[in-house]
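Counting from 1 along the sequence shown, just add 152 to a position and that's the residue number in the working numbering. We put the beta carbon where it would ideally sit given N, CA and C, even for glycine. Quick notes on the structure that follows.
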Amino acid sequence: MELAELSGPGFTSLPVDEGILKDRLKKSEDAFHSRLQRIEYGKYLLMMDNTETGEVVGCSAVKAGVGIDQPFFNYRIITLAQASHAAGNLRFDMDALVLTNEYVGCTEVGTLFLKANHRGGGAGRLAAQSRYLMMAAAPDRFGEKVLAELRGVVDENGMSPFWECLGRHFFRMDFTEADRLSATTDNQFICDLMPKYPVYVDLLPPEAREVIGRCHSDGVGAYKLLQWEGFEFDRTVDIFDGGPLVATQKRHLRTIQESRVVKLEAGDVESSTEARKGLVSTDKYPDFRACQAQILCQEDDVAITSKDIFEQLKIKPGDKVRIWLRS
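Pasting the structure below:
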């Protein structure tokens, strides 16, 4: 609840609603323990804690399959070529927004949020990359295409230029109310009220056109991490705030490609000049954990790290783990 309150307007995956958050925690527990009828229904929530204080300082999440239990609507940006020989061979291109539900069964990563005083020092990278390490531990649970939605431009009062110039005309409600309904219902209201015909971008006011495909200022860091991972803008935006959707193939995720499974042993790595910073994960369900570590690779299948890492991951020397090393 504290993270939800701190995340601010437009952060749909962290609604300030205790009942919904309790339900999501229960669904996450069921997913990790394989208590689901279908694995594509899995919604995995990872919480970041400060091991020195025990304080929960952030979170991130993975939805195994979107658009399955409820629609996953977006605006696809299409380019229409206009030409007329009768007007002197006049030709120009025009963008239009088309409502789609095309990502059915794709995996979505999101809910990346850290308390302001814990940003930096690699915490954001840990929160982001732990999702891909988790996917690598059980790849069959996740779709071949992976996507991420970034929060669009919304001010501290919950005002979205894109919404004010487009969505409000069809929904007749404030952005915060539409955002709340999107987070707490099956999205039938979108099916009922959303325009079914293309919306020409040039007909929108400048303030709406300018924010199409732009992310919230608080999401710039997350966007850079996604780009580093291999995600690219998919010419698709959120129907409420116009924020960008980025996508890639699971097999192209950089963390998955560069990570590997090793046997982990305890030893002195602080004094080693060959030890490298990286991430270590338990590589198993249901007790998946990941943390930052100094890692010294001895052989292809053996690595050494400090004793406190074993305590954090609740493992013992000789256990198999997955590691990723910074270059």
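When secondary structure is reduced to three states using DSSP, A248 falls in the strand class. The closest CA to that of R271, considering only A300, A238, G304 and C211, is found on C211. A residue is called buried when at least 16 other Cβ atoms come within 10 angstroms of its Cβ; T231 does not meet this threshold and is exposed. Every beta strand (DSSP E) of 3 residues or more that sits fully in the stretch 257 to 292 is shown, in chain order, as 259 to 266.
Where C211 is concerned, the enclosing beta strand (DSSP E) starts and stops at V208 to K215.
For E170, the secondary structure class from DSSP, reduced to helix, strand or coil, is helix. Residues of the same chain with a CB within less than 6 Å of the CB of V208, apart from the 5 flanking positions on each side, are M199 and D201 in chain order. In summary, G194 is buried, with 16 or more beta-carbon neighbours lying within 10 Å of its beta-carbon over all protein chains present. Taking the Cα positions, L477 is about 19 Å away from F440. With a minimum length of 3 residues, the unbroken runs of beta strand (DSSP E) contained wholly in the stretch 284 to 339 fall at 297 to 301. G273 sits exposed, since fewer than 16 C-beta atoms from the chains shown fall within 10 Å of its C-beta.
Per DSSP, K415 is one residue of the beta strand (DSSP E) stretching across R412 to A418. Exclusion of the five residues before and after V256 leaves G219 as the residues of its chain whose Cβ lies within less than 6 Å of its Cβ.
Measuring C-alpha to C-alpha distances from P358 to each of E316, R320, P347 and R324 identifies E316 as the nearest.
For F385, DSSP records a beta bridge to V398.
In the DSSP assignment, D201 falls within the beta strand (DSSP E) that extends over K195 to D201. In the DSSP assignment, I475 falls within the unbroken beta strand (DSSP E) covering K472 to L477.
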